[in-house]
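Asker: Sending over a structure as structure tokens; questions will come in a sec.
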Amino acid sequence: MGPWKAVGGGEPGGSRPHDAPAWVGNDTSERFPIYTRGNVGEVYPEVFTPLSFSVASEAGERAMRNAIVDSGLVRPSELEDIPLTTAVGSGVFGGYAYLNLSIQRLMAARAIGGNATDADVNLLGIGEPPPHEPLPNERNLVASLAGVRYLWRTVRRTELSELADDQRRVDHYLGLLHDPARSTDEELRRSIELFMPLFAELFERHLKISFAAGMIVAVLSGICERQLDDPTLTVGLLAGLGEVDSAAPSQALWDLSRLANRSPKLTALFDDGVEGLAQRLHEASADDPDCARFVERFAVFLERFGSRGPNEWDTAFDTWGTDPTLALTLVERMRAAEESNDPSRQQKRLAAEAAELEADATNRLPRPLRPLFRRVLAAARRYSRSRERTKTTVIRAIHGARLQSMELDRRLVGRSGGQKGDIWFVLQEELDGYRADPSSYRSVIAGRRATHRALAERVPPFFFAGSQPPLEEWELRTATRPELEPGDSITGLPGCPGVARGTARVVTDPGDPRGLQPGDVLIAPLTDPAWTPLFVPAEAVVVDVGAIMSHAVIVSRELGIPCVVSATGATKRIADGAIVEVDGSRGTVTVVG
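Quick note on numbering: the sequence shown equals residues 10 to 602 in the working numbering.
Written out as structure tokens, the structure is:
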């Protein structure tokens, strides 16, 4: 691991410790010194691989800065002298992705009617971040007025045509890529070069839409709290949106599970376990029409959603398309669910309830405020959907690069005698040297793999100011905490209203649901789209971290599942198999037996 102490930060404004691997992290900012895993932990939950860091780090920071400046709340001159190796928007420290909380607080403080700690609520939910200390020139009238103009322009927009443009650009990029198996090494290498500028532009779009969504939802929440005395109303108003990309795979997997349930042959094949199921389905499809139909529809599913999966933002990880067993495992979990869990049925119910809430809220507001409320609500819904759309667009592009990279990795491992995934332990600037003589990188790759494993064994600090604590002070993932006794509760944040009771199933990997059955309560550390199908059979969802715009909240609203986020330590303190009651309206999780 090495003797270095702060594994990716160093002193504020300084460089990394001299013996820290370069890919482990960025430099910290002296002016904006507080960082958090909040929000970004859903996108990048695992340790970065060296290749992924070297490809995406500078592009990601540039995109984040452009999105920050686009909001108007930070002036370009405030960032122009800070090098891109310094994490002002987001960065990697100790191998893990972080957001810069200081600059998010600055933006929140400059928003009209806002204060710095609004950023904590929107990004973190709850927790105990380092206290806010006002930054020089934190109150800036020019920036505040620019933020108002930006927000008003955003609220008034009724179409986001650039999202369709981005989808067409990704289609074009994917069309330029040859069949990986038939490509030359040089063509595979060039695909990574083609991906880098496209990723930067698509990621910037995603960030700009996400920032806009957060600002509009904050305005909507303010209206609900100040004018209607109900800060939780926003949750219900934004439920049942429909056309949410991250929820779409759940409906497709649900339909596959119903097809499996209707066929005795398919039922028998699934009952034999998911290991080797894909091959058994293929073999059975030659003689059984139900199996043939399933195989055909599953192929359509993979064509449409094969880019999704655990850690889908990093090309080093398998997705449903590269490892179909991951998706078949989710179909298996859904098979026992009741028909009432049908995602489309739940979405329609929630949409109807949201319409009723909107009508009631409108009637209770003073007449002069009603047009503004309707416009803000419409914009919040539009940008919430669009945030997920931009994410899906980026993921499709990443998957194209993933398929090319995996083929190049397979070839180079064959020549070097190394192991699968070695390519992700060289840096982007080392790729040509690695291609020319892969065996010469064995010791370098072995050392980086050891560092990666050591980082993965620990839980990175959720917050830090200035520099991360030494690695040996990070909590081990295998550490335990005292479990809650019957009657004890954890209080988090309301994610989706409703009360549910069931058996707690603590799941830390969406590819290993650990016996999650219909009616169970899913307890997870955090969730990304790979987790979405597990929401369908669950009675409720509880997540260690998360805020109002987190994935778990957005999806639970679509599926009508009571949800509590920011339930700190739930996966450590709630025993697997305990009976718990989840109140998604109050944000509480209580052990009842």
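Note that beta-carbon positions come from the ideal geometry of N, C-alpha and C, so glycine has one too. The model shown is predicted, which means the values in this text are computed figures rather than measured ones.
1. Can you tell me the Cα-Cα spacing of A549 and E494, whole angstroms?
2. Reducing DSSP to helix, strand and coil, say where S476 ends up.
3. Let's see if you can read the secondary structure: which residues bound the alpha helix (DSSP H) around N146?
4. Counting Cβ pairs, one atom from each stretch, are 3 or more of them under 8 Å apart for the region 358 to 372 and the region 141 to 150?
5. Looking only at its chain, what residues have a beta carbon closer than 6 Å to the beta carbon of N146, apart from the 5 residues adjacent to it on each side?
6. Going by the CB atoms, is the gap between L531 and L543 shorter than 8 Å?
7. Between L229 and A248, what straight-line distance do the alpha-carbon atoms span, to the nearest angstrom?
8. With F307 and L265 assumed to form a contact (beta carbons below 8 Å), what rounded beta-carbon distance in angstroms separates them?
9. Nearest-angstrom Cα distance between G6 and L335?
10. Return the CA-CA distance between V591 and S294, expressed in angstroms with no decimal places.
11. Just to confirm before moving on: does the CB-CB distance between A72 and F220 stay below 8 Å?
12. Buried or exposed: H187, going by 16 or more other Cβ atoms within 10 Å of its Cβ?
13. Just how far apart, CA to CA, sit R442 and S200?
14. The beta strand (DSSP E) that contains R503, what's its start and end?
15. Quick check: what's the CA-CA separation for F204 versus R595?
16. Could you tell me if D194 is buried or exposed, where buried requires 16 or more neighbouring beta carbons within 10 angstroms of its beta carbon?
17. Between the region 323 to 332 and the region 400 to 420, can you find at least three pairs of beta-carbon atoms closer than 8 Å?
18. Below 7 Å CB to CB, which residues in the same chain sit around R384 once its five sequence neighbours on both sides are set aside?
19. Please name the residue, chosen from P92, V64, W161, that lies closest to L381 on a Cα-to-Cα basis.
20. Tell me the rounded alpha-carbon separation between E341 and G315.
21. In three-state DSSP terms, what is I225?
22. By the three-class DSSP mapping on this structure, what secondary structure does D296 have?
23. With a threshold of 16 other CB atoms inside 10 Å of the CB of T167, please say whether the residue is buried or exposed.
24. Note down the Cα distance separating V468 from E482, rounded to an integer number of angstroms.
25. Less than 6 Å between C-beta atoms, sequence neighbours within five positions excluded: which residues of the same chain meet that for I563?
26. Looking only at its chain, what residues have a beta carbon closer than 6 Å to the beta carbon of D7, apart from the 5 residues adjacent to it on each side?
27. Going by beta carbon distance, what residues of the same chain come within less than 6 Å of W433, once the five residues before and after it are set aside?
28. Applying the 10 Å Cβ sphere with the 16-neighbour rule, what's the burial state of T460?
29. Who are the near neighbours of G18 in its chain, counting only those whose CB is closer than 6 Å to its CB and skipping five residues on each side?
30. Might you give, ordered along the chain, the residues of its own chain that have their beta carbon closer than 7 Å to the beta carbon of A117, omitting 5 neighbours on each side?
31. Determine the direct distance from the alpha carbon of E55 to that of R458, and round the result to whole angstroms.
32. Got a sec? Which residues, its chain only, sit under 7 Å from R74 by beta carbon, not counting five neighbours each side?
33. Could you tell me whether the region 273 to 290 touches the region 388 to 403, where touching means 3 or more Cβ pairs closer than 8 Å?
34. Would you please state the rounded distance, in angstroms, between the beta carbons of A269 and L275? I believe it to be under 8 Å.
35. Check E481 in the structure and name its three-state DSSP category.
36. Quickly, what does DSSP pair A509 with across the bridge? List them, please.
Answerer: So, from the listed chains and residues:
1. On the sequence shown, residue 549 is found 540 positions in, with the first residue counted as 1. On the sequence shown, residue 494 is found 485 positions in, with the first residue counted as 1. Looking at the two C-alpha atoms, the distance is approximately 20 Å.
2. Here the question's residue 476 lines up with position 467 in the sequence shown. Coil.
3. Within the sequence shown, the letter at position 137 stands for residue 146. Segment: none, N146 is in no alpha helix (DSSP H) and carries neither H nor E.
4. At 8 Å Cβ cutoff, the stretches do not touch.
5. Taking the sequence shown and counting its residues from 1, the one referred to as residue 146 is at position 137. Once the five neighbours on either side are set aside, N146 has no close Cβ partner at all.
6. Your numbering for residue 543 matches position 534 in the sequence shown. Your numbering for residue 531 matches position 522 in the sequence shown. Yes.
7. Here residue 229 refers to the residue found at position 220 of the sequence shown. Here residue 248 refers to the residue found at position 239 of the sequence shown. Each residue's Cα considered, the two are about 14 Å apart.
8. Locating residue 307 in the sequence shown gives position 298, where the first residue counts as 1. Locating residue 265 in the sequence shown gives position 256, where the first residue counts as 1. Contact holds; Cβ gap of about 6 Å.
9. Here the chain has residues from 10 to 602 only, and residue 6 is not among them.
10. Within the sequence shown, residue 591 is the residue found at index 582, counting from 1. Within the sequence shown, residue 294 is the residue found at index 285, counting from 1. Taking the straight line joining both Cα atoms gives about 43 Å.
11. Within the sequence shown, the letter at position 63 stands for residue 72. Within the sequence shown, the letter at position 211 stands for residue 220. Annotated as distal: A72 and F220, with beta-carbon spacing of 8 Å or more.
12. Locating residue 187 in the sequence shown gives position 178, where the first residue counts as 1. Per the 10 Å Cβ criterion, exposed.
13. In the sequence shown, residue 442 corresponds to position 433, counting from 1. In the sequence shown, residue 200 corresponds to position 191, counting from 1. Looking at the sequence itself, residue 442 is Gly, so the reference to Arg does not match. Answer to the nearest angstrom: the Cα atoms are 17 Å apart.
14. Here residue 503 refers to the residue found at position 494 when the sequence shown is read from its first residue. A quick correction: the sequence has Pro, not Arg, at residue 503. Start and end: 502 to 505.
15. Position 195 of the sequence shown, counting from 1, holds the residue named residue 204. Position 586 of the sequence shown, counting from 1, holds the residue named residue 595. Straight-line Cα distance between these residues: approximately 44 Å.
16. For the purposes of this step, residue 194 is identified with residue 185 of the sequence shown, where counting begins at 1. Here D194 is exposed. Its C-beta has fewer than 16 other C-beta atoms within 10 Å.
17. The region 400 to 420, when compared against the region 323 to 332, does touch it at the 8 Å Cβ threshold.
18. The count along the sequence shown starts at 1 and reaches residue 384 at position 375. Answer for R384: V164, listed in chain order.
19. Along the sequence shown, read from residue 1 onward, the residue named residue 381 stands at position 372. The shortest Cα separation from L381 among P92, V64, W161 belongs to W161.
20. Position 332 of the sequence shown, counting from 1, holds the residue named residue 341. Position 306 of the sequence shown, counting from 1, holds the residue named residue 315. Between E341 and G315, the C-alpha separation is close to 17 Å.
21. Locating residue 225 in the sequence shown gives position 216, where the first residue counts as 1. Helix.
22. Here residue 296 refers to the residue found at position 287 of the sequence shown. In this structure, D296 counts as coil in the three-state DSSP scheme.
23. Numbered from its first residue, the sequence shown carries residue 167 at position 158. Exposed is the call here.
24. The count along the sequence shown starts at 1 and reaches residue 468 at position 459. The count along the sequence shown starts at 1 and reaches residue 482 at position 473. Cα to Cα, the separation comes out at about 10 Å.
25. Here the question's residue 563 lines up with position 554 in the sequence shown. So no residue of the chain qualifies.
26. This structure cannot settle anything about residue 7, because the visible part of the chain is limited to 10 through 602.
27. Locating residue 433 in the sequence shown gives position 424, where the first residue counts as 1. Answer for W433: T58, L60, A325, listed in chain order.
28. Counting from 1 along the sequence shown, the entry for residue 460 is found at position 451. Burial call: buried.
29. By one-based count along the sequence shown, residue 18 stands at place 9. Unreliable placement is indicated for G18, whose pLDDT of 42 sits below 50; no coordinate value is reported for it.
30. By 1-based counting over the sequence shown, the position of residue 117 is 108. Excluding its 5 nearest sequence neighbours in each direction, A117 has C-beta neighbours in its own chain below 7 Å: G123, N124, A125, D127, A128, listed in chain order.
31. Within the sequence shown, residue 458 is the residue found at index 449, counting from 1. Within the sequence shown, residue 55 is the residue found at index 46, counting from 1. Taking the straight line from one Cα to the other gives about 14 Å.
32. Sequence index remark: in the sequence shown, residue 74 carries index 65 (1-based). If we look at R74 and ignore the five residues flanking it on each side, its Cβ neighbours are L88, V97, G98.
33. No, the region 273 to 290 does not touch the region 388 to 403.
34. As a first step, residue 269 is located in the sequence shown; it is residue number 260 there, counting from the start. As a first step, residue 275 is located in the sequence shown; it is residue number 266 there, counting from the start. 4 Å between Cβ atoms; contact.
35. In the sequence shown, the residue the question calls residue 481 occupies position 472. Reduced to three states, the DSSP call for E481 is helix.
36. One-based indexing of the sequence shown puts residue 509 at position 500. Answer is V591.
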